[in-house]
Structure formats: structure tokens, C-alpha cells
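Colleague: Below is the structure I would like to discuss, written out as C-alpha cells.
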Amino acid sequence: MKRGFTLIEAIVVMVIIGIISFIFALYIREGFDAWRFLSGQKSIALSTRAAVNRMVRDLKRAKKNVNITTRTSKEVTFLNIYNETITFSQEATTLLRNSDILLDNLQDPCGLTLSYLDKDGSPTAVTDEVQVIRVRLIDLKDGNRFVIESAARIRVKKP
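No gaps in the numbering here: position 113 of the sequence shown is 112 in numbering that gives the first Met the number 0, and each next residue is one more.
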């Protein structure tokens, strides 16, 4: 008699190897998906953080609160200490600084939200009372969502 494997034994071994390979592939796929998600979060976080830092830095350079000419929840225009007019606004999914693109992939609508606060931290509708401008950005890219908020205390006109 020849000693060897029967057809059934060979098929059982192949099925077991297939099941083990399938489980291993699922494990590898989950790890890859997690890596891809975190890489996307990192890139979106870096670009959104850079945009909000630029906005806050420019807002802090506003000449005085009375030099804020446009003040809505989606747009702000002001004169800075170098007598330059600066406008931040959202156009579709793009954040603009004047006509330059500062950030892409903003949530549309409400990707940019601006709040104007008085000395007590309460929302105000009076330009002369604005002391803090709060900035909120929501960025979406490849299924990743990143929200960042910051605020800038601006120069106040002395009475």
C-alpha cells in the first residue's frame, strides 16, 4: 500500500488554510484602514490648524475694533495695523483670505463660523463693543471631519 493523502484530506487542509488566510486578511485590512484614517486625520488637522492660526494672527493685527467693516457669521473684513484691508470668507468649500485660497474642503455650509464677543464674552451686535472674535472651522476630506476653534482678542478703541 502506498502511503499518501486522500482527496478528502487535501480538501480539508485547503479549507482550513483558506479560513486562516481569510481571518489574517481581515486583521491586516483593519490595520490598514486604521492607518489610512489616522493619516487622513493628520493631514486634515495640519492644514486646518495652519489656516486657523493664520486667521487668528491676522485678526490680532486688526487696527482697532472700529475698523471692522464687514462682520457676519461667514465673513469678516477689517483694516490691519499696516493699513491693509483683510477679508476672510467662505466661498463654497473654500476658505479665502482676500482672493487667496487659505484652505480647501470646508464643510458647505457652515464650514466657517465667526462669533463676535464683548468684554464679558457675550455675543454683541455693536462693532464698537467687539473685543474677541471666535473662529470655528469644520474641514471635511476623504470621509474625515476635523473641527477646530480659536479666538483672537483685538485692539480696542480707547474712549
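Beta carbons are placed, not taken as given, at the ideal position from N, Cα and C, and that holds for glycine.
Whose C-alpha, out of I19, F23, A49, is nearest the C-alpha of D138?
Modeller: As a working note, residue 138 is residue 139 in the sequence shown. With distances taken between Cα atoms, D138 lies closest to A49.
Colleague: Report the three-state DSSP secondary structure of T84 (helix, strand or coil).
Modeller: Walking along the sequence shown from the start, residue 84 turns up at place 85. Secondary structure of T84 (DSSP, three-state): strand.
Colleague: Tell me which residues share the same chain as R135 and place their Cβ nearer than 6 Å to its Cβ, disregarding the 5 neighbours each side in the sequence.
Modeller: As a working mapping, residue 135 is identified with position 136 in the sequence shown. So the qualifying residues of the chain are T112, E148.
Colleague: So, do the region 96-113 and the region 14-31 have three or more beta carbon pairs nearer to each other than 8 Å?
Modeller: no
Colleague: Exposed or buried, which one is A24 when buried takes at least 16 other CB atoms within 10 Å?
Modeller: Residue mapping note: residue 24 aligns to position 25 of the sequence shown, counting from 1. The residue is exposed, with fewer than 16 neighbouring Cβ atoms inside 10 Å.
Colleague: Could you tell me whether the Cβ atoms of G80 and R60 are closer together than 7 Å?
Modeller: Position 81 of the sequence shown, counted from the start, is the residue given in the question as residue 80. Position 61 of the sequence shown, counted from the start, is the residue given in the question as residue 60. It should be pointed out that residue 80 corresponds to Ile in this sequence rather than to Gly. Their beta carbons are under 7 Å apart, which means I80 touches R60 by this criterion.
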